[in-house]
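Mapping of the sequence shown onto numbering that gives the first Met the number 0: position 11 corresponds to residue 10, and the numbering continues sequentially without gaps.
We put the CB at the ideal spot given by N, CA and C, even for glycine.
Predicted model, so just to flag it, every value in this text is computed and none were measured.
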Amino acid sequence: MRWTLKPKPDSLVVNKLAEELGVETPVATLLVQRGIMTYEAAKKFFRPRLEELHDPYLMKDMDVAVNRIQQAIASEENIMVYGDYDVDGTTSVALMSSYLKTLTPNIATYIPDRYTEGYGISYQGIDFAADNEISLIVALDCGIKAIDKVAYAAEKGIDFIICDHHRPGENIPQAVAVLDPKREDCEYPYKELCGCGVGFKLIQAINTKRGGTPEVLLPYLDLVATAIGADIVPITGENRILAYHGLNVINVAPRMGFKAILAQVKKDKLTITDVVFIIAPRINAAGRMKHGLHAVNLLSEEDEATAMEFAGEIENFNAERKTTDKAITIEALGQIEELQEQERYSTVVYHEGWHKGVIGIVASRLTETYYRPTLVFTKSGEKLAASARSVKGFDVYNALEACKEHIEQFGGHKYAAGLTLEASEYENFKAKFESVVSETIDRRLLTPEIAVDAEINLDEITPKFFRILKQFAPFGPGNMSPVFMTQSLTDTGYGKCVGADEAHLKCQVKQKGKRAVFDMIGFGLGEKFETISEKKTFKAVYSLDENEWNGNVSIQLKLKDISE
């Protein structure tokens, strides 16, 4: 691990803000590091208001999209809501279809089959629409590159509205409307919405046009918050407002599908991290192991007994997913060793029998082990399909762009992408990708980085400090949970390795010359016990956490790394 201490912000700005807000310097420092320099900006940060959301009509093509949907409703056309099979796609379809069903009964939903149709808009989906007299398709979280598919639909008399957030290619499909804040000709002020976020802007625009109150849209925000967490988009600006209020909906008045999932996991109050690690994998498991429509059905269901039944099925899919991805990860790690590729700049592995639904997770697991851009391939029909994952700071989408002569199609963003290619191109692609990565990656990016917000002393960690810190949530990219460094620490004598295989480190620490004492837990850091043993002095990087034991709640230090 390399520790990188963020630069200290201007002390004049920090002191002025601390005075205006009536907070201690460490809190003001953290705010200024996040670009919050004034009382007004802090107010917006700590109390995100739905009124601060941008006007949806600032998005290119929004007026055209709303008019086309209004026309379809008025003339009783059949509308199909089409979305990708991951969390962002299935939540988008649940959001759009359940909203439109309040305006017209003529709504069908469609999620492509991961195995027979693959990612994005499919000819099969368009044929299904034509066979069922559907004249308008609203596509969510996909479609920005579906130029041929949209043209094919037009030949069959089917209009398309695309709501996407992925980077467009050189040309944009000839759809009725293409809503994507990443379009170069779109001046929408916030560019980082997820697919479900773009879908929400569309229902916000329809609601405004129809004279509805903003409160009508509140029940949909649990879906948006889930997609924001799962799709790892920055939790800044508009996403922060949507995630903040969406989490509140999940905790106070969740939809029946969420209630059913949470009944399985016995959790009272959820953070965005819980959404990412508890709700999202279960929703994703449907599309990975069976079919994404199972997730849409659960998220749209209003009957409690049916929702519980759906949640039980999804729980089984998730258990199967865990077993499968664990087994494939072991095989993939074995393949890297067998081919003696431990020292490469990239990881590219392939086996024709690997389950297509979990190769993305396996790519993430391999990235955790070797920490470099990673692709995991499997056979998909006649072609090979892969999921790509990257390391912080390296744009894997650009790297794939540089290899496009070997790729049939690809899409995604900086840290995650998907692609297909001909089996005969696999070795060529693998060599080219390694070459591109080795020539373009900054070598420092191949060592995991811990970005440290500030160095503090233990006696600065007061209950008030922690109370304010909790209000920085929801945390995520662009607003990560603060990480601190403290020097001159010693264990008070209670340090030990805990857990089934003694993998975790538990101790109680104090700082030289300070009175404060804190419990510290380091998951997966059992091997570092030697660093703290025999009252040695060490330094640590950590975040703050709450520990509840026998009804007592205390602040504990959640260790990220330690060093002498």
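query: Closest to F471 by CA distance: which of I282, A242, H165, D83 is it?
result: A242
task: Scan the segment 449 to 506 and note each continuous alpha helix (DSSP H) run of 4 residues or more that stays entirely inside, going in chain order.
output: 462 to 469
First and last residue of the uninterrupted alpha helix (DSSP H) at A422: Looking at the DSSP string, A422 is not in any alpha helix (DSSP H), and its letter there is neither H nor E.
- prompt: Of the residues K148, G156, L139, which one's Cα is nearest the Cα of D130?
  reply: G156
task: Give the straight-line distance between the Cα atoms of M79 and V137, rounded to the nearest whole angstrom.
output: 6 Å
task: Return the first residue and the last residue of the beta strand (DSSP E) that D518 is part of.
output: 516 to 521
- prompt: With DSSP run on the structure shown, which of helix, strand or coil describes S437?
  reply: helix
task: Going by CA-CA distance only, name the one from R239, I277, T272, N238 that's closest to F257.
output: I277
field: Alpha-carbon to alpha-carbon, W353 and T322
entry: 13 Å
- request: May I ask which residues mark the beginning and end of the beta strand (DSSP E) holding A306?
  value: Not the beta strand (DSSP E): A306 falls in the alpha helix (DSSP H), residues 303 to 337.
message: Using a Cβ-Cβ cutoff of less than 6 Å, which residues in the same chain neighbour E132 once the five nearest sequence positions on both sides are dropped?
response: N77
query: Which value, in whole angstroms, describes the spacing of the CA atoms of T108 and S423?
result: 37 Å
DSSP three-state assignment for M288, whether helix, strand or coil: helix
- request: Starting from K378, follow the beta strand (DSSP E) in both directions and report where the run begins and ends.
  value: 373 to 379
C496 vs F528 beta-carbon contact at 9 Å: yes
message: As a quick exercise: from T446, K509, R1, L52, pick the residue whose alpha carbon is nearest that of T571.
response: Nothing about residue 571 can be reported from this structure: the residues present for the chain run from 0 to 563 only.
query: Looking at the unbroken alpha helix (DSSP H) that takes in K258, where does it start and where does it end?
result: 255 to 264
query: Any idea what DSSP makes of N551, helix, strand or coil?
result: strand
- request: Would you mind listing the alpha helix (DSSP H) stretches within the segment 110 to 191 that are 4+ residues and don't spill past its ends, in chain order?
  value: 122 to 130, 146 to 154
query: Considering only residues of the same chain and omitting the five flanking positions on each side of Y84, which have a CB-CB separation below 6 Å?
result: I110, R113, G286, G291
Residue range of the unbroken beta strand (DSSP E) whose run includes Q408: 408 to 411
query: What are the boundary residues of the beta strand (DSSP E) that T3 is part of?
result: 1 to 4
- prompt: Quick one: is K559 buried, meaning 16 or more other Cβ sit within 10 Å of its Cβ, or exposed?
  reply: buried
query: Per DSSP, which one or two residues make a beta bridge with E545?
result: I554
- prompt: For S437, is the classification buried or exposed, using 16 other Cβ atoms within 10 angstroms of its Cβ as the cut-off for buried?
  reply: exposed
Extent of the continuous beta strand (DSSP E) run through S532: Taken as a continuous stretch (DSSP letters only), S532 belongs to no beta strand (DSSP E), as it is neither H nor E.
message: Looking at F517: is its Cβ nearer than 9 Å to the Cβ of L457?
response: yes
task: Count the C-beta pairs between the segment 434 to 451 and the segment 407 to 420 that are closer than 8 Å, then say yes if the count reaches three, no if not.
output: no
message: For T3 and R442, what's the separation of their Cα atoms in angstroms?
response: 15 Å
- prompt: How is the beta strand (DSSP E) around A385 delimited, first residue to last?
  reply: 382 to 388
task: Return yes when the Cβ of A362 is within less than 9 Å of the Cβ of S386, no when it is not.
output: yes
query: Considering only residues of the segment 43 to 119, which uninterrupted alpha helix (DSSP H) runs meet the minimum length of 4 residues and lie entirely inside it, listed in chain order?
result: 61 to 73, 86 to 99
task: Please report the residue range of the beta strand (DSSP E) in which T346 lies.
output: 346 to 349
With 16 other Cβ atoms within 10 Å as the buried cut-off, status of N397: exposed
query: Closer than 9 Å, CB to CB, is D126 near chain C or not?
result: In the structure shown, chain C cannot be found, because there is only a single protein chain.
task: Kindly give me the distance between the Cβ atoms of Y81 and I143, rounded to whole angstroms, as I take these residues to be in contact under 8 Å.
output: At roughly 13 Å, the Cβ-Cβ gap does not stay under 8 Å, so Y81 and I143 are not in contact.
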